[in-house]
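Read through the structure below, which is laid out as structure tokens, and then see the notes.
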């Protein structure tokens, strides 16, 4: 049994939802109100000593934490269908593309960073939105640059089936779209994101589709 | 043959140096002056379309990029000695601990973020140092919380040999130490970092020991 601690707005929780759906695994999601600070409450610290979502509880072991580590765990324990290529260079490419979003962009946009920008520099909503767009565009440009230079045949980032890079880059796109970003500058990514949006396993994981999300 | 594109100051390049040393692999390092903006030059874009170090060139394939993806590639292609545990839950623990540093802390401290804090919010050196310390302490507290709650016997983060979490957390410590951080609040990590510092494979990878680093 899988219990996902997430939140409608969390792009990292979105990744885990998509991976579980691609693997065909049922789960229950519990919402941690990261916009209201519930990730800092003692009740959640008992789940994850890092005040962040997602965490994935599996049977009676310690909760798994960090979305990329959860995706790797799912890949190792539920290998079919695979989310990583079979060859090490392909796996390195996919993981590198994931990390452009999951490491070098998304952590700059999360509530604790937005709160710090406000408290330390007096950043208002408009300034935070500008900051967020800047780092999302940088990540999309980096991923597009890699994919355009070293393309792999197929409809998805790495071949003919969706995998880890599609999941993680599409989670970045969800935040980018929410901030009004467009894709003219990223033709490779635009093609892949259109495919993600049309796939019900990706679409059902989107922030807008989660309980608690504001009406469009 | 391995060619590492790094820089003395890069904590992400430091991780790759340690991993190569633990695996017993020889390499050549080329410095990309990330403090002077050389990562944005066309010559480097041909290596890595994302303007960041490290990149690892191996034989004639496209350069590998993103330090965690490089570490995973080294683990898959040069499995001895292992940097990850054998069991999936152990691997998830180690990867999660790595990502607390590699995703949720370090990307907030890199030159492009420091430059953005200065250009968008007028942050001076003192403000940037305060920002950096804040997010490094948060990451150390999160890692300490996990290690203290779910310890694994042994002298290192996960058993009796150094692995991926020791590498990545120690890279964070190098930045933390450089900013004057102390370890009183992190007794588990303090013990592990002392062991890292005493290991010549870790010590030789330290920013202070690289060509171009300022004299102490």
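Chains as they are written, first to last, in our numbering: chain A, 1112 to 1327; chain B, 1112 to 1327. C-beta atoms are modelled at their ideal positions from N, C-alpha and C, and glycine is treated no differently.
For this session: Check distances from the C-beta atoms of the segment 1245-1272 of chain A to those of chain B and list, in chain order, the residues that come in under 7 Å.
Result: 1245, 1253, 1256, 1257, 1260, 1261
Exercise. Can a CB atom of chain B be found closer than 8 Å to the CB of residue 1236 of chain A?
Worked result: no
Exercise. Quick one: is residue 1201 of chain A near chain B, going by C-beta distance under 8 Å?
Worked result: no
Exercise. By Cβ distance, which residues of its chain are closer than 8 Å to residue 1146 of chain A, with the 5 residues on each side in sequence left out?
Worked result: 1118, 1120, 1222
Problem set entry | Alpha carbon of residue 1293 of chain A to alpha carbon of residue 1277 of chain B, nearest angstrom | 40 Å
For this session: Could you list which residues in chain B have their beta carbon closer than 7 Å to that of residue 1210 of chain A, in chain order?
Result: 1177, 1179, 1180
Exercise. Cβ of residue 1287 of chain A within 8 Å of Cβ of residue 1251 of chain A?
Worked result: yes
Exercise. Using 8 Å as the threshold, is the segment 1201-1221 of chain B in touch with the segment 1174-1182 of chain B, meaning 3 or more CB pairs across them?
Worked result: yes
Exercise. If the cut is a Cβ gap below 8 Å, which residues of chain A does residue 1292 of chain B touch?
Worked result: Result: empty, since nearest Cβ-Cβ is about 17 Å, beyond 8 Å.
For this session: Could you check the C-alpha separation between residue 1200 of chain B and residue 1188 of chain A for me, to the nearest Å?
Result: 9 Å
For this session: Would you check if the distance between the CB atom of residue 1206 of chain B and the CB atom of residue 1140 of chain A is smaller than 8 Å?
Result: no
For this session: Check whether the Cβ of residue 1219 of chain B lies closer than 8 Å to any Cβ atom in chain A.
Result: yes
Exercise. Between the C-alpha atoms of residue 1243 of chain A and residue 1306 of chain B, what's the straight-line distance to the nearest angstrom?
Worked result: 38 Å
Problem set entry | Nearest residue (CA-CA) to residue 1112 of chain B, options B:1124, B:1299, B:1272, B:1171 | B:1171
Exercise. For the ligand ATP, any of its heavy atoms closer than 7 Å to the Cβ of residue 1288 of chain B?
Worked result: The ligand ATP is absent from the structure shown, which contains no ligand whatsoever.
Problem set entry | the segment 1255-1266 of chain B touching the segment 1147-1167 of chain A, judged by at least three CB pairs closer than 8 Å | yes
For this session: Identify every residue that forms a DSSP beta bridge with residue 1197 of chain A.
Result: Paired residue(s): none; residue 1197 of chain A is not in a bridge.
For this session: Assign residue 1141 of chain A to one of three DSSP states: helix, strand, or coil.
Result: strand
For this session: Jot down the residue ranges of each uninterrupted beta strand (DSSP E) in the segment 1127-1192 of chain A, minimum 3 residues, whole runs only, in chain order.
Result: 1139-1142, 1166-1169
Exercise. Roughly how many angstroms lie between the CA atoms of residue 1125 of chain A and residue 1151 of chain A, to the nearest whole one?
Worked result: 20 Å
Exercise. If you count every other CB in all the chains shown that lies within 10 Å of the CB of residue 1153 of chain B, and 16 or more means buried, which is it?
Worked result: exposed
For this session: For residue 1089 of chain A, decide whether its Cβ has a neighbour in chain B, counting only Cβ atoms nearer than 8 Å.
Result: Given that chain A is displayed from residue 1112 to residue 1327, the structure contains no residue 1089 of chain A and the question cannot be resolved.
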